Every structure is written in structure tokens, then in C-alpha cells.
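Number of protein chains: 2
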Amino acid sequence: MTHVTPTRLSDGRELIYFDAREDSVARHRDASLVRDARGLPARGPAGTARFDALSGEWIAVAAHRQSRTHLPPADQCPLCPTTPANLSEIPASDYEVVVFENRFSSFGPDLGELPGAPEWGTTATAYGRCEVVAFDSAHEGSFGSLSAERARTVIDAWAQRTEALSAMPGIKQVFCFENRGADIGVTLLHPHGQIYAYPFIPPRAATLAARAAAYFDATDGKQTLMGHALASERSAGDRMVIEGEHFSAFVPFAARWPLEVHLVPHRQVADLSGLAGEERDELTTVYLDLLGRLDALYPTPTPYIAAWQQAPIDDALRPASYLHLQLTSPRRAADKLKFLAGSEAAMGAFINDTTPEKVAEALRSAVPGTPRKDQA
Amino acid sequence: MTHVTPTRLSDGRELIYFDAREDSVARHRDASLVRDARGLPARGPAGTARFDALSGEWIAVAAHRQSRTHLPPADQCPLCPTTPANLSEIPASDYEVVVFENRFSSFGPDLGELPGAPEWGTTATAYGRCEVVAFDSAHEGSFGSLSAERARTVIDAWAQRTEALSAMPGIKQVFCFENRGADIGVTLLHPHGQIYAYPFIPPRAATLAARAAAYFDATDGKQTLMGHALASERSAGDRMVIEGEHFSAFVPFAARWPLEVHLVPHRQVADLSGLAGEERDELTTVYLDLLGRLDALYPTPTPYIAAWQQAPIDDALRPASYLHLQLTSPRRAADKLKFLAGSEAAMGAFINDTTPEKVAEALRSAVPGTPRKDQA
Numbered sequence: 001m002t003h004v005t006p007t008r009l010s011d012g013r014e015l016i017y018f019d020a021r022e023d024s025v026a027r028h029r030d031a032s033l034v035r036d037a038r039g040l041p042a043r044g045p046a047g048t049a050r051f052d053a054l055s056g057e058w059i060a061v062a063a064h065r066q067s068r069t070h071l072p073p074a075d076q077c078p079l080c081p082t083t084p085a086n087l088s089e090i091p092a093s094d095y096e097v098v099v100f101e102n103r104f105s106s107f108g109p110d111l112g113e114l115p116g117a118p119e120w121g122t123t124a125t126a127y128g129r130c131e132v133v134a135f136d137s138a139h140e141g142s143f144g145s146l147s148a149e150r151a152r153t154v155i156d157a158w159a160q161r162t163e164a165l166s167a168m169p170g171i172k173q174v175f176c177f178e179n180r181g182a183d184i185g186v187t188l189l190h191p192h193g194q195i196y197a198y199p200f201i202p203p204r205a206a207t208l209a210a211r212a213a214a215y216f217d218a219t220d221g222k223q224t225l226m227g228h229a230l231a232s233e234r235s236a237g238d239r240m241v242i243e244g245e246h247f248s249a250f251v252p253f254a255a256r257w258p259l260e261v262h263l264v265p266h267r268q269v270a271d272l273s274g275l276a277g278e279e280r281d282e283l284t285t286v287y288l289d290l291l292g293r294l295d296a297l298y299p300t301p302t303p304y305i306a307a308w309q310q311a312p313i314d315d316a317l318r319p320a321s322y323l324h325l326q327l328t329s330p331r332r333a334a335d336k337l338k339f340l341a342g343s344e345a346a347m348g349a350f351i352n353d354t355t356p357e358k359v360a361e362a363l364r365s366a367v368p369g370t371p372r373k374d375q376a
Numbered sequence: 377m378t379h380v381t382p383t384r385l386s387d388g389r390e391l392i393y394f395d396a397r398e399d400s401v402a403r404h405r406d407a408s409l410v411r412d413a414r415g416l417p418a419r420g421p422a423g424t425a426r427f428d429a430l431s432g433e434w435i436a437v438a439a440h441r442q443s444r445t446h447l448p449p450a451d452q453c454p455l456c457p458t459t460p461a462n463l464s465e466i467p468a469s470d471y472e473v474v475v476f477e478n479r480f481s482s483f484g485p486d487l488g489e490l491p492g493a494p495e496w497g498t499t500a501t502a503y504g505r506c507e508v509v510a511f512d513s514a515h516e517g518s519f520g521s522l523s524a525e526r527a528r529t530v531i532d533a534w535a536q537r538t539e540a541l542s543a544m545p546g547i548k549q550v551f552c553f554e555n556r557g558a559d560i561g562v563t564l565l566h567p568h569g570q571i572y573a574y575p576f577i578p579p580r581a582a583t584l585a586a587r588a589a590a591y592f593d594a595t596d597g598k599q600t601l602m603g604h605a606l607a608s609e610r611s612a613g614d615r616m617v618i619e620g621e622h623f624s625a626f627v628p629f630a631a632r633w634p635l636e637v638h639l640v641p642h643r644q645v646a647d648l649s650g651l652a653g654e655e656r657d658e659l660t661t662v663y664l665d666l667l668g669r670l671d672a673l674y675p676t677p678t679p680y681i682a683a684w685q686q687a688p689i690d691d692a693l694r695p696a697s698y699l700h701l702q703l704t705s706p707r708r709a710a711d712k713l714k715f716l717a718g719s720e721a722a723m724g725a726f727i728n729d730t731t732p733e734k735v736a737e738a739l740r741s742a743v744p745g746t747p748r749k750d751q752a
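Chains as they are written, first to last, in our numbering: chain A, 1 to 376; chain B, 377 to 752.
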């Protein structure tokens with residue numbers, strides 16, 4: 001069982017401890033042990049969001065983020081537990097999993113509704129909330145290096161935050177994700193993920209939700225699009241990576257990236273908060289296994305984006321939506337990354353230089369914990 | 377005036393010389409001087425396109441592209457004129473501008489119609505055509521380093537190819553673009569661009585076209601969305617970079633990238649082939665000026681994607697569509713690139729860490745030909 005202990009940082013930001021162990025809980029409920037001694041200045045106002053009339057998208061303008069922390073040394077890490085020499089973002093002397101509001105936030109802290117009929121020139125407050133999830137108190141690693149116990153607590157934290165953020169005014173989408181690897185721009189080595197609570201349904205989530213809703217309607221609400229894809233992948237078999245009792249992982253039929261895996265629950269749920277205890281238990285195992293395989297493909301760790309696609313906070317779209325993880329990596333060889341050039345970046349048309357079946361075969365035969373020595 | 381001389385390479389690929397000078401034309405019309413002596417094997421079949429039911433997008437699977445040429449030394453450059461020691465892709469001993477079918481092609485060479493009602497599991501031939509545009513015979517540079525005469529010929533080549541490719545069976549979108557800079561994955565130093573002729577309307581072009589059509593309809597066909605944006609930008613002024621008689625360049629109100637400029641004709645045309653002679657003349661000057669300013673921002677050349685957004689080959693969408701160039705760069709400081717991490721890559725929600733007005737001011741005050749010495 002995961003205990004939830006909410007606190008506040010000295011500038012008013014929320015910081016929440018998620019603990020599986022009783023002694024951690026006791027320590028984090030003692031106000032004197034989790035006091036933020038930094039006396040931070042009050043937070044600035046939220047940034048702005050501008051409406052792009054050409055595409056219909058909202059763009060967050062976050063000029064204050066240019067100065068954010070970039071690959072700090074271990075003794076100045078803002079995600080390590082606080083020591084006398086390093087008053088970090090996390091006031092406790094130790095912790096299991098912590099979630100807190102991002103100091104360099106693209107959305108929020110203000111909450112509210114964006115204008116309903118935006119046009120060219122419409123500016124609004126960048127409502128919403130951005131949170132950081134510290135996966136573990138150890139300074140280096142990523143989700144895949146967590147113990148099973150710790151990974152399970154992170155899953156509970158994601159679920160709790162998804163539920164809490166979904167209930168906040170104006171939030172339309174909660175997005176839990178992990179960026180891993182300096183090669184793709186990660187600025188902190190400490191194992192962590194992020195949660196964005198958007199005041200709009202982001203373009204790709206909107207596309208997925210609209211397609212899912214159209215399929216659901218066309219089958220009179222009897223089938224979901226992801227349910228159909230999952231059944232088809234399990235039946236075809238040649239792109240499967242892991243098949244569990246509650247979860248399957250496969251390289252999707254039409255993968256866009258050189259490395260792409262979808263991790264999908266066998267039961268339709270809208271978001272992470274809908275997963276039952278035994279599903280979360282198996283997700284822990286399957287996800288750690290999957291990340292271990294990914295890192296066994298090459299001699300060095302593989303950069304990736306792990307993105308939880310959850311249902312938008314929208315009554316019309318939720319019944320057809322189906323939680324799944326999209327794990328993607330631009331790595332196309334031991335020493336080569338795929339770049340998004342003209343076709344992908346400017347047109348959104350993806351070209352995949354390998355076949356999904358070949359990637360699935362490599363992941364199936366990979367042995368977690370034993371990275372390849374040669375240049376695969 | 378630009379002369380067009382079509383020829384064939386030894387594997388049957390089309391190669392076309394575009395020449396402004398009479399002596400070039402005469403040389404390229406002499407079959408003995410442009411014969412491809414390599415005796416290349418016949419081309420392989422087209423790759424495949426897979427339908428992604430979750431997003432409604434077609435993904436090209438081009439496994440044969442993994443082996444393509446990567447940053448070859450100057451004496452083996454495939455885009456330099458042929459010499460006895462380097463039988464390049466271009467058989468002539470010199471040239472002005474050349475367009476030829478890409479040997480490592482994501483689409484084509486087969487042409488045809490994709491299935492009309494694709495679903496999960498639908499595979500098709502990756503119909504279409506990919507062309508390379510060699511901007512100049514000199515080995516190093518980019519569009520911005522071309523002479524005005526040469527740049528003008530490239531514009532004519534783009535226009536001619538747009539018209540010719542648009543008339544080919546099954547082509548739904550012609551996309552002329554230049555990727556510049558090894559930092560964003562460019563594999564050849566020789567100044568060149570590419571043209572993709574897609575068998576579908578790519579996702580981003582489809583979004584822009586649908587938004588444009590909705591606006592056009594809402595104004596009873598009296599106004600275009602881009603015309604409105606252009607007039608608004610010229611009126612606001614604080615994001616303008618260059619204002620000419622026929623073209624304006626500005627940082628768009630809702631820029632998605634740290635560096636983003638739209639270059640827009642004052643008259644609505646559907647694509648580059650619709651530009652009149654005097655418009656092409658001014659485009660040459662304005663575009664070279666713009667690229668010069670971009671490279672004057674920092675001590676080193678700025679990587680970019682220059683993407684011509686043209687009307688889809690679709691009778692319903694063309695009347696509202698409005699040609700423009702979207703010039704984007706991930707550069708956010710002298711030594712920093714913006715990476716597309718979770719929010720952008722997985723959700724399509726962009727966060728811009730600077731303001732469009734500040735970028736426009738920097739471009740206005742930049743002096744082409746004099747890169748900044750300091751770390752801007």
C-alpha cells in the first residue's frame with residue numbers, strides 16, 4: 001500500500017511524498033523533518049499561451065524556462081534528498097517517490113478555462129500544472145533501474161496524480177511521461193519523470209481520441225480501436241515482445257520510430273487510475289522487463305520517450321479511449337539517432353528505416369541486464 | 377530564362393538539368409557529355425506504406441535506406457559533377473541546378489492510388505516520388521550561399537517540379553524542402569534540397585488545409601486564413617523581419633520553434649508554380665536576405681528546416697490554400713538545440729522558450745554576412 005503525504009515548499013508549491021514503508025511515512029509526516037529551509041521567493045505569474053490560427057493549436061510561451069538547471073553535478077542535484085550542503089527541491093533527508101510542482105513550469109500555476117473561440121492573435125494565460133516525479137532518492141538511473149517495489153510506488157503515484165489533476169479546474173489532459181538520455185535533451189541525470197496537466201487536448205491526443213471515438217461509434221460501442229489492434233497483434237504474434245496475463249507489449253504494426261513499443265492493458269481502462277491492484281503489480285514486472293530488453297539491444301543505454309496516452313477529460317471522448325504506453329526511441333543503430341527532418345518535422349509524415357517485425361525479434365531475444373558488446 | 381533538359385541515369389532514374397546560361401544548355405543537350413557511365417543495376421521495387429489505424433496516418437517503411445551515404449568526403453560526393461575519379465550521381469562535368477530521382481527513395485518509383493478505406497493491418501505500395509535538388513556544383517554551402525542567379529534558377533526548378541509532380545498519378549502533395557546542418561541529421565554537405573511527392577496529404581499539410589478551408593468557407597470565400605494572418609502581422613509590425621513589394625517575412629505570432637520565420641507572398645497562390653516572374657525575382661532577394669540574417673545571429677551557421685507549404689492536389693482544398701515557407705530551427709542558443717521531448721514528440725504540444733517579438737528584433741538587427749562573434 002502506498003501512503004500519500006502532501007506538503008508545501010517555501011514558495012507555496014505542492015510537494016507530495018509517496019511511501020510504501022511505514023518509517024518513511026512517519027518521517028514525512030513530521031513537519032520539522034520536511035521543512036523547506038530555502039525561503040524561496042514567491043513564484044512568478046503563469047506564462048502565456050498563444051493560439052496558432054493556422055494549425056488550431058495552442059503554443060505555450062515559457063521564456064522563463066531558458067535559465068533552467070542543466071546537468072548539475074551530483075552534489076548540487078535538485079532531485080536528491082536535502083543535505084546541509086545541498087538544499088535541494090526535496091527537503092527530506094531521504095525519500096521513496098516524490099511528486100512536486102515544477103519550478104520552471106510551462107503551464108500553470110494558475111488554473112482556468114482557455115477562451116472558447118480563439119482566433120488569430122488570441123493570447124491567454126498558460127493555465128495548467130507541470131509536476132516532476134522523482135522516481136528514487138539515488139542520483140543516477142531511470143525507470144528501468146528501479147527496484148520492483150519502487151517502480152510499483154511510482155505507478156501508484158502516477159495514478160493518484162492523474163486522478164487529482166483530472167479534477168482540477170480547466171484541465172483537459174493529464175500526461176505522465178519519462179524522457180531518458182542526454183542525447184534527447186534530458187537536463188537532469190536523477191531518475192525522474194514529468195506530468196503535464198494541459199488546459200487543452202494536445203494535438204496528438206486529440207487525433208488518437210477522435211479516431212478511437214469514430215471506431216467505437218461505428219461498432220455501436222461494442223469494440224474499441226485499441227482493443228481491436230491489441231487482439232490483432234496478439235493473433236499475428238510476429239510483433240509481440242511480452243505477453244502477460246493483464247498486459248502485452250508489442251512493436252505496433254505501423255511503428256513510426258526505429259524503436260517503438262506499445263504497452264497495453266488487456267482490459268480497457270481510461271487512464272492509470274483505473275488500473276486494479278493486480279494489474280499494477282503485473283505492469284511493474286512487464287514494464288521493467290521491457291525497459292531491460294531495450295537497454296540490452298546496444299552497448300550503451302538507449303534514449304527514449306515513454307509516454308502514457310490517457311483519455312482526455314472529456315465525457316464524449318472517454319468511453320472509446322484506452323490507456324496505453326507509447327515507448328519510442330530515435331536510436332537506429334549503436335551510434336546513430338534518427339533526426340526528424342523535413343518530412344517528419346514539417347509535414348508529420350514518418351519514414352521508418354526498419355521493419356517492426358525485425359525490431360520485435362531483437363527485443364524478444366534481448367536479455368535484460370546484458371547489454372550487447374558489439375555494434376548491433 | 378531557365379532551360380529544362382531532361383535525361384536518364386543508367387538505372388532509369390530521371391535527371392533534369394536546369395540552366396540559365398546558353399553554354400550550359402548546349403553541353404547538357406549533348407548526349408555524349410551527360411552519359412551515366414556507371415552501368416547501375418536496375419532499381420529495386422518501391423517500399424511499403426503501412427496504415428496506422430490509431431492515428432489515421434500512413435507510415436513509409438524504407439528499410440533499404442539504412443545504408444544510405446553518410447557525410448562522404450569531397451572527392452566522393454555524389455552531388456558533385458562527375459570526374460574520372462568520382463562517377464557521381466550527376467554525369468555532367470559541370471552544372472547549374474540539377475534535379476534527379478533519389479536513389480534511396482522513401483516513396484516510389486511506382487505511382488498509383490493508395491487504398492481508399494484502409495484499416496488496421498492495411499499495407500500498400502509506397503507510391504510517389506522523392507527527388508534531390510542539387511543547388512549548385514560547388515561542394516559546400518546551402519541555399520543562403522548561392523548567387524542570386526543560381527537561387528533564381530532553383531526557384532524555377534522547384535516551380536517546374538511542383539507542376540510536373542502534381543500531374544503524376546496518385547500524387548496528393550508536393551513538398552519542396554531544405555534540411556541544413558549536420559546537427560539535425562543532414563548526411564551530405566553539398567548544397568541541396570529535396571522534393572517529396574506523397575501519395576497522401578501528410579498530417580500537418582492536412583491540418584493546415586482543413587483550417588484554411590474552414591476559414592475560407594466562413595468568410596464566403598472572401599478571405600483566406602493566411603491572407604488574414606499576413607495582413608495582421610504587417611499591421612502589428614513587431615514580428616516583421618522583411619517587408620518587400622511581393623513578399624513579407626515575419627516570425628509568426630504563435631511560433632512553435634525557438635527560431636521560426638514564415639515567408640509569405642502578398643498575393644494568394646496555391647504553389648510555387650503560380651508565382652509570376654517578378655515575384656520569383658523578389659523571392660530570390662528576400663529569401664537570400666533572410667537566410668543571411670539567420671546565419672548572422674550566431675558565430676556558427678544555424679541548422680534549419682526550410683519547408684514550402686503548398687496546396688494539396690485536391691480540388692476542394694486548393695481554393696483556400698496559400699503558399700508559404702516555414703523556416704524553423706531548433707537552435708535556442710549558440711551552443712544549445714531544442715529537443716522535441718515528451719510534450720512535443722508524443723503529444724504535439726509545443727513549448728517555446730522565447731518570444732516571437734524578441735526573435736524578430738534579433739533578425740531585424742542582424743547584418744547578413746557578419747556572424748556574431750560572441751555567444752549570443
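In this text, a Cβ means the ideal position worked out from N, Cα and C, and glycines have one as well.
Being a predicted model, the structure only gives us computed values, none of them experimental.
Item	Value
Residues that DSSP places opposite Glu-178/A in a beta bridge	Ala-306/A
Neighbour-count burial assignment, Val-367/A, 16 or more Cβ in a 10 Å radius	exposed
Under 8 Å by beta carbon: chain B residues contacting Asp-271/A	The contacting residues do not exist; Asp-271/A stays about 15 Å from chain B at best.
Distance between Glu-245/A and Ser-705/B (C-alpha atoms, nearest Å)	46 Å
Under 8 Å from the C-beta of Gln-194/A: neighbouring residues of chain B	Gly-718
Val-645/B - containing alpha helix (DSSP H), residue span	Note, Val-645/B: premise wrong, no alpha helix (DSSP H); not H, not E.
Buried versus exposed, by CB contacts within 10 Å (16 or more), Leu-380/A	A query on residue 380/A cannot be resolved here, the shown segment of chain A reaching from 1 to 376 and no further.
Min CB distance Arg-364/A to chain B below 8 Å	no
Span of the beta strand (DSSP E) around Pro-6/A	3 to 8
Completely contained alpha helix (DSSP H) runs for the segment 591 to 638 of chain B, where each covers 4 or more residues	601 to 612
Minimum Cβ-Cβ distance from Ala-376/A to chain B less than 8 Å	Model confidence at Ala-376/A stands at a pLDDT of 42, short of 50, so the residue's coordinates are unreliable; what they give is reported in the following sentence. Closer than 8 Å: no.
Neighbourhood of Trp-158/A by C-beta distance below 6 Å, restricted to the same chain and skipping five residues each side	Cys-176 and Leu-272
Thr-355/A: contacting residues in chain B (beta-carbon distance under 8 Å)	Val-437 and Ala-439
Selection from Ala-229/A, Ser-24/A and Thr-219/A that minimises the alpha carbon distance to Thr-498/B	Ala-229/A
In DSSP terms, what Phe-427/B is bridged to	Trp-434/B
8 Å contact criterion, which Glu-131/A and Gln-194/A should meet: CB distance rounded	7 Å
Pro-485/B vs Arg-419/B beta-carbon contact at 8 Å	yes
Three-state secondary structure assigned by DSSP to Asp-19/A	strand
Sub-8 Å separation of Met-240/A and Val-264/A beta-carbons	no
Residue-chain proximity (Tyr-304/A, chain B), Cβ-Cβ < 8 Å	no
Contacting residues, own chain, Cβ-Cβ under 6 Å from Trp-684/B (five flanking each side not counted)	Cys-552 and Leu-701
Outcome for Met-723/B when other beta-carbon atoms lying within 10 angstroms are tallied against a minimum of 16	buried
CB contact check: Ile-313/A to chain B, cutoff 8 Å	no
Per-residue burial, Gly-388/B [other beta carbons within 10 Å of its own, 16 or more giving buried]	exposed
Interface partners of Gln-702/B on chain A, CB under 7 Å	Ala-346
Euclidean distance between Cα positions of Val-714/B and Glu-22/A	Strictly speaking, residue 714/B in this sequence is Lys, with Val absent from that position. Whole-angstrom Cα-Cα distance: 42 Å.
Residue from Asp-428/B, Ala-672/B and Glu-609/B with nearest C-alpha to Lys-749/B	Ala-672/B
Three-way DSSP call (helix, strand, coil) for Leu-327/A in this model	strand
Integer Cβ distance of Ala-425/B from Leu-490/B, believed to fall under 8 Å	7 Å
Contact residues within the segment 199 to 222 of chain A, judged by C-beta distance below 7 Å to chain B	Pro-202, Pro-203, Arg-204, Ala-205, Thr-207, Leu-208 and Arg-211
Rounded C-alpha distance that separates Ile-435/B from Ser-321/A	22 Å
Chain A contacts from the segment 491 to 504 of chain B (Cβ-Cβ distance under 7 Å)	Trp-496 and Gly-497
Proximal residues to Ala-74/A (C-beta, below 6 Å), its chain only, five neighbours per side dropped	His-139
Residues near Leu-391/B by beta carbon distance below 6 Å, same chain, minus five either side	Thr-383, Leu-385 and Phe-476
The segment 164 to 178 of chain A touching the segment 196 to 210 of chain A, judged by at least three CB pairs closer than 8 Å	yes
Close Cβ partners of Val-61/A (< 8 Å) along its chain, the five nearest in sequence each way excluded	Gly-47, Thr-48, Ala-49, Arg-50 and Ala-126
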